[in-house]
Each structure stands twice: as structure tokens, then as C-alpha cells.
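Worksheet: the structure to be examined is printed underneath.
2 protein chains.
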Amino acid sequence: MPTIRRKSASPARGKAAPDAPREGSSTCPSAARAPLRDSPWRASRERLRDRQIKREAVIRAAAHAFNRKGYHNTSLDDIAAALEVSKPTVYYYVSNKEQLLFECFVAGIEPIRAAFHEARLMKAPARERLKAVLRHYGQAVASEFGWCMVRAEDQDLSPAMSGHIKALKSEIDQGVRRLLREGMQDGSIHACDPKMTAFALAGALNWIAHWYRESQSLSGAQIAEAFISVFESGLTPRPCTESAGPPRHVSARLAR
Amino acid sequence: MPTIRRKSASPARGKAAPDAPREGSSTCPSAARAPLRDSPWRASRERLRDRQIKREAVIRAAAHAFNRKGYHNTSLDDIAAALEVSKPTVYYYVSNKEQLLFECFVAGIEPIRAAFHEARLMKAPARERLKAVLRHYGQAVASEFGWCMVRAEDQDLSPAMSGHIKALKSEIDQGVRRLLREGMQDGSIHACDPKMTAFALAGALNWIAHWYRESQSLSGAQIAEAFISVFESGLTPRPCTESAGPPRHVSARLAR
DNA sequence: CATGCATCATACTCGTGGGTAACCATCCTA
DNA sequence: TAGGATGGTTACCCACGAGTATGATGCATG
Numbered sequence: 456m457p458t459i460r461r462k463s464a465s466p467a468r469g470k471a472a473p474d475a476p477r478e479g480s481s482t483c484p485s486a487a488r489a490p491l492r493d494s495p496w497r498a499s500r501e502r503l504r505d506r507q508i509k510r511e512a513v514i515r516a517a518a519h520a521f522n523r524k525g526y527h528n529t530s531l532d533d534i535a536a537a538l539e540v541s542k543p544t545v546y547y548y549v550s551n552k553e554q555l556l557f558e559c560f561v562a563g564i565e566p567i568r569a570a571f572h573e574a575r576l577m578k579a580p581a582r583e584r585l586k587a588v589l590r591h592y593g594q595a596v597a598s599e600f601g602w603c604m605v606r607a608e609d610q611d612l613s614p615a616m617s618g619h620i621k622a623l624k625s626e627i628d629q630g631v632r633r634l635l636r637e638g639m640q641d642g643s644i645h646a647c648d649p650k651m652t653a654f655a656l657a658g659a660l661n662w663i664a665h666w667y668r669e670s671q672s673l674s675g676a677q678i679a680e681a682f683i684s685v686f687e688s689g690l691t692p693r694p695c696t697e698s699a700g701p702p703r704h705v706s707a708r709l710a711r
Numbered sequence: 456m457p458t459i460r461r462k463s464a465s466p467a468r469g470k471a472a473p474d475a476p477r478e479g480s481s482t483c484p485s486a487a488r489a490p491l492r493d494s495p496w497r498a499s500r501e502r503l504r505d506r507q508i509k510r511e512a513v514i515r516a517a518a519h520a521f522n523r524k525g526y527h528n529t530s531l532d533d534i535a536a537a538l539e540v541s542k543p544t545v546y547y548y549v550s551n552k553e554q555l556l557f558e559c560f561v562a563g564i565e566p567i568r569a570a571f572h573e574a575r576l577m578k579a580p581a582r583e584r585l586k587a588v589l590r591h592y593g594q595a596v597a598s599e600f601g602w603c604m605v606r607a608e609d610q611d612l613s614p615a616m617s618g619h620i621k622a623l624k625s626e627i628d629q630g631v632r633r634l635l636r637e638g639m640q641d642g643s644i645h646a647c648d649p650k651m652t653a654f655a656l657a658g659a660l661n662w663i664a665h666w667y668r669e670s671q672s673l674s675g676a677q678i679a680e681a682f683i684s685v686f687e688s689g690l691t692p693r694p695c696t697e698s699a700g701p702p703r704h705v706s707a708r709l710a711r
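Chains as they are written, first to last, in my numbering: chain A, 456 to 711; chain B, 456 to 711.
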């Protein structure tokens, strides 16, 4: 009964650099570049653009599937089926499942980075800038990529990817802390421990990804607004301020 | 990530029992029942208790592994190896992997339910009762079962288990909302949307499980305290401070 | 001693799913 | 019009891990 488990020396993994289709990734530079009506390379460029579109469709399909069934419960066959193509086609656009998750993560977190950038240009007390960021943050978490952004576990990723993701997350975290500190300095934010406060804010918003479904009656923006009003005023009633604010969260204009 | 098939690394694996982390765990049904010191069934009862202890050790080991590597990245072989037994031994104490997760979940959520029970006996404004609950909540999330409690995805579980878990989670959620409403009535809590506020509170606390590791300098209780103070007073400075206490956690550290 | 139960190990089965090899179709370019 | 890039398919490989069949061991009992 020779049923010894095959322990073939080193299976497969010999192929260094499987990095298949060299993808620029995350850049769509030559979009509205120049007309060049009938250059002989026009077709080539169009193909390239097509490819990018398809690639993004793959990413979105993956995000959708992860969103519904979780990373581990989603097979690449599922994703392929959702796109009505075969599995190798998916592999034609993305090198492996891990990268798929990573791309979803980046797609989710990018708007938040943009929000920080935008806030940096605002001329307003730090609390207002923080609020602006949190608004975008909440919407990002409620977006189709929210799940991937929030639930991408480092445990599921190679050390390299995990490192990238940690760095991006840390950037966001540090940005929130910085705004908190600035707010404490310009007097627009109550004295607090920036680290813990940032954790609390981010946690509450991140958690949206666990319960929010597109079908919900509230939009991501509305939820973000509601959360912000909670954070802003806190649970304790304010004795000598206008407490006449409407109780519902829909009162975006609660700003004092 | 090939799991090395370790063999023979455990010499004379006869007895010695696993770590056996003691800990009666609050469930000693027939403890103070009757003396019967030398009943012929005494041995039998002792075996039963031993079994219970071992079973709990399995659960703890599972929680530990899930905590570190995630549910899907933990094989039952891993858990067995951590206990220095074989896989069928694990199956001897628990029927399948799903149940293992479920048990961890219950172990994590039980203290929170207890906290609600306790709070119900308190004679204090609702805000104080809520704070008491949140304190326990935060500690539970930071506990060894926190991961399982918070990250047990319904996607990973059969509909039946998923239903149980959802029910338990909903119970907690409703409890928080109720306290919020009570607080709004007795005037100890600022007017707010109880649903959204409960989501924000639970989210912030749940998220602790994502970043907290036992090794951290802060204990679960300290973190819970810090969060509570954030929620309590909010970000906006209070003009006529009725002092919600000094700024907690003086670890200001403006470095970086 | 024999019987039965409790406990645990060895050694398997088997479905699933990530990833690949090989091959095919079409269009662009030389 | 050949030859290659591009985009896609079918059919496979195979590691992994959940779960199990079978049986060994030890201990209490009758």
C-alpha cells in the first residue's frame, strides 16, 4: 500500500516573479491627454484603456463578493462567475487573490487620503476640518469597498502586503491624531488623549462596514453625519448651551 | 504556508495532561450539592469534572489561535498541536470547528450580559448605568475571547448558529439603546438618536479587538475608561464645564 | 479475568479552491 | 498574409484541511 503522501521536493513555487501582466495600478494618467484622432497607436491606447476598465470591473466584482460572503468564503470561481468569465480570465487581470484584496483595500482608502488632503487646504478650526474628514471617512466605509478596507486582515496577507496596508492605515490614524492635537491647540476641541480618541472615532466609523448594507434607508453620508453629531456633543447634556437642537440626526446644521 | 507535519516531537505522550488552566469558570453545578466523599460514583464525577476542564482548555486554545491567526487560517490541527494532542482528541470534546467558534463567542459575550443584569440593579441615573455596562463591554472585547465575540462573521457559520449569534448581539444592542432612551428621559443623557448612538458606542468598543493585544501597556479596563470619557464629554469644549473629570490619560505626548 | 467505558492516536477519505498548462480566437502590425 | 500580441477557454494539478474509521490503551467494575 504505497500511500505515502507525496512530498515532492519543492512544488511549483520555483517560478520567481510570477508578477504577470505588469500593471501600472492605481493610475489612469493618459486619460484626457491629447486628441490625436487617427494616430496609428490610437487602437493600442484604446485597448489599454479597455484593459484598465476590465481590470477595475474585476476589482469591483471582487469587492462585491467579499462584501457579501467574506474573503475566505469567496472563491475566484465565484468572482469569475459573477463576471461571466472563466477563472483564468480573472488571473489575466490580477496576479492572485491576495492582490485582489489589496486593490480593493486601496480603492477603499484612497478617498480618505484625498479627504485629508482636501482638509489641509481648509481655512477653519481643526474641529471643522476633522469633521470634514470624518464625513468622507464614514462614506468610504459605507461604500462598496468599505468591507475590504476595514476587514482586510493582515493575517490573510503576505508580510509585504500586510506591511503596505499597515502603513496606509497608520497614515490615516496619524492624520486623525494630528487634527485632534491641532484642535486642542486652537481651542476647538476638548482636551483629550489623541491616541485613544482617534481609536474611538475610527472604531465607530469602521464598524459601519459590519452592519451597513446598501439597501439601508440611510446613506453613508447620513450615517456619518449622525455619528459626528454624537462625537461632537457627547452623551452628557450641555447645561448652558442651546439644547434645543432637534434630536434626530438629520439636523446636519447642529454646528454651534 | 505549509504546516510542518511534526511527528514524534512529544516523547512518552502518555499522560501529563495539557496545561489545564484550572479556572473553575463559574459553572460548578454540583459543587455544593452533597458531601458524599466516598460514594462509588465519586470517581465518575471527578472524571466528568476533568472532562469539563479539558473541554474548556480546548475552547481557550481555539480562542487563542483564532485571535492570532483568524478563524479561517487556523486549522484544527493547529489547535490540537497547541494542546499537544491529536486532532481527534479535539473532536472528542467539541463536535466541529463551527461549534468551537460559537463557544468562544458565547464565552466572550456572557460577561456583557452579566453586566446588563448587574446594571439593572443599580440605583443611579441611566448614564451611570450605561457607563458601567460599557466598562464591562470594553473589558470583554479586550479579553481573550474578544476576537471571537466581535469578529465571528455570520458568513462563517451555519444559519442556525448565525441566528443564535445574531440574537445575542441584538440583545446587547437593544440593551444599550434602552439605556440611552432611559437616560434621555431621566435627563442624564443628551438628546440623540438611540440607534445611531448605540452603533457608534458599540463600534468604537468592538474595534478594540482589532488593535488590542494583551501585551499592550494599557489594560482593557483602562481603555474602556478612556473611551467612556471621550463619549461622555464629546469633542466640543464645554463652555461652563461641570467637569466630567480631568482629561483622562495624560499621555499627551505631542511628539511625532 | 472479562467486560465495558473513556480517552486518545494513526492513518486515512474527500471536497474545495488556488493556481497553472496548454490551447484557441481575434485583431493589429509589419 | 505571416506573425505576434491580446484576451480568453477547457481541463487539469495538488495542497490543504475538515472530518472519520479503526483500533490501541488504561481504568473501573462485576
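Every residue gets a Cβ at the ideal spot worked out from N, C-alpha and C, and that includes glycine.
In the same chain as T544(B), and ignoring 5 residues on each side of it, the C-beta atoms closer than 8 Å to its own belong to A535 and L538, in chain order. When C-beta distances to chain B are compared with 8 Å, every residue of the segment 539 to 557 of chain A stays at or above that value. E637(B) places its beta carbon 8 Å or farther from that of G689(A).
Near chain A, meaning a CB-to-CB distance below 8 Å, the residues of the segment 666 to 685 of chain B are W666, I678, A681, F682, S684 and V685.
Between the alpha carbons of E583(B) and I508(B) lies a distance of about 37 Å. Around the beta carbon of H572(A), a 10 Å sphere encloses fewer than 16 other beta carbons of the protein chains shown; the residue is thus reported as exposed.
Annotated three-state conformation of H591(A) is helix, per DSSP.
As summarised for the segment 568 to 648 of chain A, there are no continuous beta strand (DSSP E) elements at least 3 residues long confined to that stretch.
In chain order, R582, I644, H645, F686 and E687 make up the part of chain B whose C-beta sits under 7 Å from the C-beta of L690(A). Ranked by how close their Cα comes to the Cα of K542(A), the residues Y592(A), A517(A), S674(A) and V596(A) have A517(A) in first place. Burial check for P614(B): the Cβ neighbour count within 10 Å stays below 16, so the residue is exposed. Taking all protein chains shown into account, E626(A) has fewer than 16 neighbouring C-beta atoms within 10 Å of its C-beta and is therefore exposed. Residue environment for K578(A): exposed (fewer than 16 other C-beta atoms within 10 angstroms of its C-beta).
Distance from the CA atom of E608(A) to the CA atom of P692(B), rounded to whole angstroms, is 36 Å.
Interface with chain B (8 Å Cβ-Cβ cutoff): Q610(A) is included. Taking C-beta atoms under 8 Å as the contact rule, Q610(B) and K524(A) qualify, at a distance of about 5 Å. Of the residues assessed, P649(A) falls on the buried side of the cut-off, its CB having 16 or more other CB atoms within 10 angstroms.
Nearest neighbour of S684(B) by Cα position, chosen from L673(A), M651(A) and S674(A), turns out to be M651(A). According to the DSSP assignment, E687(B) belongs to the alpha helix (DSSP H) that extends over G675 to S688.
One alpha carbon belongs to G642(B), the other to L576(B), and they sit about 19 Å apart. Flagged as an interface residue toward chain A: R693(B), by a C-beta distance shorter than 8 Å. The CB of N522(A) never comes closer than 9 Å to any CB in chain B; the least such distance is about 10 Å.
Under the Cβ distance rule, A659(B) counts among the residues neighbouring chain A, one pair being separated by less than 8 Å. Taking a Cβ-Cβ threshold of 7 Å, none of the residues of chain B is close to M577(A); the smallest such distance is about 17 Å. Residue-level contact by beta carbon holds for I663(B) and chain A, with a gap shorter than 8 Å. Chain order gives the chain A residues near M651(B) as I678, A681, F682, V685 and H704, where near means a beta carbon separation below 8 Å.
Taking 8 Å as the cut-off, the beta carbon of L531(A) is found no closer than this to the beta carbon of C603(A).
Residues L660, I663, G675, I678, A679 and F682 of the same chain have their beta carbon placed closer than 7 Å to that of G593(B), with the five preceding and five following residues left out of the count. Per the C-alpha coordinates, the member of A653(A), K624(A), R668(A) and H619(A) positioned closest to E553(A) is H619(A). Cβ-Cβ distances below 7 Å link K621(B) to D609 in the same chain, with the five nearest sequence neighbours on each side left out; the list follows chain order. For T544(B), the enclosing alpha helix (DSSP H) has its first and last residue at K542 to Y548. Taking C-alpha positions only, W666(A) is separated from V513(A) by approximately 24 Å. Across the structure, G630(B) and M616(B) are spaced so that their CA atoms are roughly 21 Å apart. Relative to the Cα of I564(B), the nearest Cα in the group V549(B), S550(B), P694(B) and E599(B) belongs to E599(B). In this structure L673(A) is not in contact with A653(A), their Cβ atoms being roughly 24 Å apart against a cut-off of 8 Å.
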